[in-house]
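**Student:** Sequences listed follow chains A and B, in order. Under my numbering, the first sequence has 516 at position 60, and the numbering climbs by one with no breaks. Under my numbering, the second sequence has 294 at position 292, and the numbering climbs by one with no breaks. Cβ coordinates follow ideal geometry from the N, Cα and C atoms, glycine included. Predicted, not measured: the structure shown is a model, and the values here were computed from it.
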Amino acid sequence: MLRIKNLEAGYGPLKVLRKVSLHIDPGEIVTVIGANGAGKTTLLKTVSGLLASRGGEILFEKKAIRKVPAERIVSLGCSLVPEGRQLFAPMTVRENLILGACVQYRRRRHEEVTEDMERVFGLFPRLKEREAQLAGTLSGGEQQMLAIGRALLSRPRMLLLDEPSMGLAPRMVREIFTHIVHLRKEFGLTILLVEQNARGALAIADRGYVLETGRMVLQGPSEELLSNKNVQRAYLGWSSEESA
Amino acid sequence: MFWEADRECMNREELEQLQFERLQSTLNRIYSHVPFYRKKFDSLGILPEDIGSLADFSRLPFTAKEDLRESYPYGFFAVPLREVVRIHASSGTTGASTVVGYTRNDVRIWSNLTARILTMGGVTKDDVVQIAFGYGLFTGGFGLHYGAERIGASVIPASSGHTLRQIKIMMDFKTTALISTPSYATLVAETIREQGIPLAALSLKYGLFGAEPWSERTRREIQENLGIIATDNYGLSEIIGPGVSGECREQNGLHINEDHFLVEVVDPETLRPMPEGETGELVITSLTKEAFPMIRYRTRDLTSLLPGHCPCGRTLRRMARVRGRTDDMLIIKGVNVFPSQIESILFEIEGTEPHYQIVIDRKGGVDEVTVHVEVGETIFFDQMRRQRDMMEHIRKRLAQELGINIEVKLVERKTLARSEGKSQRVVDRRTL
Numbered sequence: 457m458l459r460i461k462n463l464e465a466g467y468g469p470l471k472v473l474r475k476v477s478l479h480i481d482p483g484e485i486v487t488v489i490g491a492n493g494a495g496k497t498t499l500l501k502t503v504s505g506l507l508a509s510r511g512g513e514i515l516f517e518k519k520a521i522r523k524v525p526a527e528r529i530v531s532l533g534c535s536l537v538p539e540g541r542q543l544f545a546p547m548t549v550r551e552n553l554i555l556g557a558c559v560q561y562r563r564r565r566h567e568e569v570t571e572d573m574e575r576v577f578g579l580f581p582r583l584k585e586r587e588a589q590l591a592g593t594l595s596g597g598e599q600q601m602l603a604i605g606r607a608l609l610s611r612p613r614m615l616l617l618d619e620p621s622m623g624l625a626p627r628m629v630r631e632i633f634t635h636i637v638h639l640r641k642e643f644g645l646t647i648l649l650v651e652q653n654a655r656g657a658l659a660i661a662d663r664g665y666v667l668e669t670g671r672m673v674l675q676g677p678s679e680e681l682l683s684n685k686n687v688q689r690a691y692l693g694w695s696s697e698e699s700a
Numbered sequence: 003m004f005w006e007a008d009r010e011c012m013n014r015e016e017l018e019q020l021q022f023e024r025l026q027s028t029l030n031r032i033y034s035h036v037p038f039y040r041k042k043f044d045s046l047g048i049l050p051e052d053i054g055s056l057a058d059f060s061r062l063p064f065t066a067k068e069d070l071r072e073s074y075p076y077g078f079f080a081v082p083l084r085e086v087v088r089i090h091a092s093s094g095t096t097g098a099s100t101v102v103g104y105t106r107n108d109v110r111i112w113s114n115l116t117a118r119i120l121t122m123g124g125v126t127k128d129d130v131v132q133i134a135f136g137y138g139l140f141t142g143g144f145g146l147h148y149g150a151e152r153i154g155a156s157v158i159p160a161s162s163g164h165t166l167r168q169i170k171i172m173m174d175f176k177t178t179a180l181i182s183t184p185s186y187a188t189l190v191a192e193t194i195r196e197q198g199i200p201l202a203a204l205s206l207k208y209g210l211f212g213a214e215p216w217s218e219r220t221r222r223e224i225q226e227n228l229g230i231i232a233t234d235n236y237g238l239s240e241i242i243g244p245g246v247s248g249e250c251r252e253q254n255g256l257h258i259n260e261d262h263f264l265v266e267v268v269d270p271e272t273l274r275p276m277p278e279g280e281t282g283e284l285v286i287t288s289l290t291k292e293a294f295p296m297i298r299y300r301t302r303d304l305t306s307l308l309p310g311h312c313p314c315g316r317t318l319r320r321m322a323r324v325r326g327r328t329d330d331m332l333i334i335k336g337v338n339v340f341p342s343q344i345e346s347i348l349f350e351i352e353g354t355e356p357h358y359q360i361v362i363d364r365k366g367g368v369d370e371v372t373v374h375v376e377v378g379e380t381i382f383f384d385q386m387r388r389q390r391d392m393m394e395h396i397r398k399r400l401a402q403e404l405g406i407n408i409e410v411k412l413v414e415r416k417t418l419a420r421s422e423g424k425s426q427r428v429v430d431r432r433t434l
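#1: CA-CA distance, R61/B and I53/B?
#2: Below 7 Å CB to CB, which residues in the same chain sit around I334/B once its five sequence neighbours on both sides are set aside?
#3: When Cβ atoms are compared, which residues of the stretch 459 to 472 of chain A fall closer than 8 Å to chain B?
#4: Thinking C-alpha only, which one of S185/B, L49/B, T183/B and S205/B is nearest K170/B?
#5: Alpha carbon to alpha carbon, how far is L674/A from T183/B?
#6: Does any C-beta atom of chain B lie closer than 8 Å to the C-beta of K475/A?
#7: Whose C-beta lies closer than 8 Å to the C-beta of V429/B among residues of the same chain, with five residues either side of it excluded?
#8: Taking a Cβ distance cut-off of 8 Å, strictly less, list which residues of the stretch 19 to 31 of chain B are near chain A, in chain order.
#9: Mapping DSSP to helix, strand and coil, what is R302/B?
#10: Go ahead and label P277/B buried or exposed: buried means 16 or more other beta carbons lie within 10 angstroms of its beta carbon, across all protein chains shown.
#11: Who are the near neighbours of H49/B in its chain, counting only those whose CB is closer than 8 Å to its CB and skipping five residues on each side?
#12: What number of angstroms, rounded off, separates the C-alpha of R106/B from the C-alpha of S683/A?
#13: Since V673/A meets chain E, which of its residues come closer than 7 Å, beta carbon to beta carbon?
#14: When burial is assigned at 16 or more other CB atoms within 10 Å of the CB, is P482/A buried or exposed?
#15: Identify the contact partners of S683/A in chain B, using a Cβ-Cβ distance below 9 Å as the criterion.
#16: What is the C-beta distance between I480/A and M457/A, in whole angstroms, given that I count them as a contact (C-beta under 8 Å)?
#17: So who's on the other strand from C534/A, going by DSSP bridges?
#18: Quick check on DSSP: helix, strand or coil for V486/A?
#19: For K523/A, count neighbouring C-beta atoms within 10 Å of its own C-beta (all shown protein chains included) and say buried if the count is 16 or more, exposed if not.
#20: Between A603/A, T669/A, M672/A and L658/A, which has its C-alpha nearest V486/A's C-alpha?
#21: Please list, in chain order, the chain A residues whose beta carbon lies closer than 8 Å to that of T290/B.
#22: Between which residues of its own chain and P612/A is the CB-CB distance below 8 Å, once the five residues before and five after are set aside?
#23: Is L608/A close to chain B? Criterion is C-beta to C-beta, closer than 8 Å.
#24: Who are the near neighbours of Q253/B in its chain, counting only those whose CB is closer than 7 Å to its CB and skipping five residues on each side?
#25: Quick one: grab the DSSP three-state call for G54/B.
#26: Rounded to a whole number of angstroms, what is the C-alpha to C-alpha distance between A213/B and A654/A?
#27: Would you check if the stretch 595 to 613 of chain A and the stretch 543 to 560 of chain A touch, i.e. whether three or more CB-CB distances between them fall below 8 Å?
#28: For S45/B, is the classification buried or exposed, using 16 other Cβ atoms within 10 angstroms of its Cβ as the cut-off for buried?
#29: Run through chain B and tell me which residues come within less than 7 Å of L478/A, C-beta to C-beta.
#30: Are the C-beta atoms of G54/B and some chain A residue less than 8 Å apart?
#31: Quick check on the DSSP output: the beta strand (DSSP E) that includes S342/B runs from which residue to which?
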């Protein structure tokens with residue numbers, strides 16, 4: 457579905473991604489875990505076309521998208537749910553969702569938007585209740601739901617999620633992760649999930665990659681990463697003594 | 003039958019992406035955690051990120067057995083010892099031993115890979131598997147043990163030796179699969195015949211043999227004498243132990259677990275890659291090992307990569323059965339001779355037994371080589387002429403093939419020493 461080889465990106469003189477390679481098969485949930493500053497967000501920004509890359513190869517459904525503009529990548533079927541939600545606070549929930557559907561309007565599929573809106577409300581009934589409320593007045597969890605809902609309205613086949621658990625209460629984190637698993641089942645989505653909450657992400661992902669200062673240092677099935685001592689120490693907050 | 007069909011039958015393009023990703027993360031880890039590799043990379047002016055494709059891979063340095071010896075015992079470990087849950091050591095057939103370690107994940111992957119090999123050879127959860135490899139520092143016993151358990155078979159950790167007891171266990175416990183060296187399987191078959199035990203008293207169906215080179219003819223004999231399907235498998239402790247490659251029931255070469263190991267075949271002298279199908283030294287890079295990753299490890303084993311697809315459906319490339327070792331290479335009268343060459347000539351000759359020994363002497367500064375070959379009773383007790391003809395025939399074939407004269411001596415069956423582990427095929431008495 458998505459195949460990345462030797463991706464390089466950075467800001468000014470700063471090299472952030474140093475030849476990063478990864479792949480996601482259709483229907484997989486894959487997570488990239490890593491510390492703050494490892495390059496996780498840069499990776500998603502580069503894939504979604506918001507940041508120009510400096511080298512490498514990105515194939516989305518076998519199409520080279522490394523130099524394709526962001527809005528075109530969305531219409532190809534790959535949507536980003538950005539870090540910190542990036543909602544339009546003074547607009548209502550409904551208006552925010554409609555903004556996500558602009559590719560659909562361009563495709564002249566107005567009737568599908570109504571249908572999709574209902575599906576999103578089905579998935580997140582709380583958004584339905586707050587349909588006319590301003591996005592800025594929502595709780596953190598609700599805002600995350602809205603950000604995901606907005607991405608869904610472009611009818612993507614692949615969703616890039618940047619730190620969806622950030623800043624949420626533990627109960628809300630669990631709920632969001634449950635929704636992500638749901639998204640794969642109900643919407644047939646392939647999901648690339650970037651997270652600092654390594655434990656939560658690995659619990660729902662099929663596979664994972666560990667990014668350290670712009671380099672991939674480990675990759676494998678989630679259960680392997682969960683039992684890797686380095687991952688435990690650095691990302692799960694266990695000392696190696698208690699982990700047996 | 004597949005153990006991990008999605009891996010074993012992967013399309014090549016996907017496999018290469020996976021291999022490359024795994025190679026990249028292995029390089030990133032060894033560069034920061036294994037001083038030997040960091041020094042070597044620095045001296046060559048290579049950074050892990052300079053390797054941008056599987057093709058660039060040939061810029062990486064080789065790792066030799068001597069490098070491992072110099073780092074004895076733990077110098078090559080890429081994780082602290084507290085993360086290592088298992089330590090093995092190579093048998094040291096040809097020198098000092100090498101110490102290798104496994105993390106919990108390494109052991110898990112190892113079990114999975116030997117489970118693949120066992121499944122290829124026919125083993126299922128309904129089998130009773132008797133493992134007649136040594137359990138100890140040697141990786142053979144434990145490696146295949148875990149794989150068989152993973153499959154869900156009933157495993158008998160018989161370990162090596164005590165042949166009569168092994169056979170009694172085989173009969174009483176209704177063993178269906180025997181795991182050992184091929185030479186031990188031959189010994190078991192001989193002992194069964196001597197004891198007058200009918201094949202019907204055994205329940206054996208499969209045999210998975212490895213840890214030493216063997217020939218097609220030995221396979222036929224083992225299959226006939228034990229009434230089994232015999233498959234070959236390959237591994238070495240420096241890489242993981244058993245689980246590197248194994249034959250499927252097509253018996254046409256060993257499928258390499260390429261999603262975990264990157265293999266090359268190079269000329270042992272020039273280190274240049276050999277064309278597909280041509281014999282050279284096998285070089286292996288581990289792609290998923292945590293505790294003991296290896297970059298371009300020179301195995302000293304001689305094999306070739308086989309062209310074409312296997313009818314079994316696996317896309318994993320195949321290697322030919324190992325023909326011998328580069329360090330078995332004998333220089334006789336200035337000519338490079340591999341014992342495996344002599345073996346294949348002996349085995350194509352009617353009436354010889356699968357046992358032989360090559361004895362090398364130096365008299366008056368000249369190498370003298372004698373091959374002792376066991377022959378069947380019929381020939382031994384027959385007329386002298388048939389014996390002479392046979393000796394002459396073998397001598398001629400050897401001279402043709404190797405370009406040097408080698409003496410041939412026929413000996414009675416069972417005169418040459420049998421081994422329970424690796425056979426002693428060469429006795430070099432030269433003092434240089």
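**Tutor:** Let me lay it out:
#1: 8 Å
#2: I362, D369, V371 and I406
#3: R459, K461 and N462
#4: S205/B
#5: 35 Å
#6: yes
#7: Q359, I360, V361 and I362
#8: Q19, L20, F22, E23, R24, Q26, S27, N30 and R31
#9: strand
#10: exposed
#11: The sequence given here has Leu at residue 49/B, not His. Excluding positions up to five away in sequence, the list reads Y33 and F43.
#12: 7 Å
#13: Absence of chain E from the displayed structure is noted, the protein chains being A and B.
#14: exposed
#15: T105, R106, N107 and R110
#16: 5 Å
#17: M614/A
#18: strand
#19: exposed
#20: L658/A
#21: G676
#22: V530, G533, C534, S535 and L645
#23: no
#24: T233
#25: coil
#26: 41 Å
#27: yes
#28: exposed
#29: E23
#30: yes
#31: Premise fails: S342/B lies in the alpha helix (DSSP H), P341 to F349, not in any beta strand (DSSP E).
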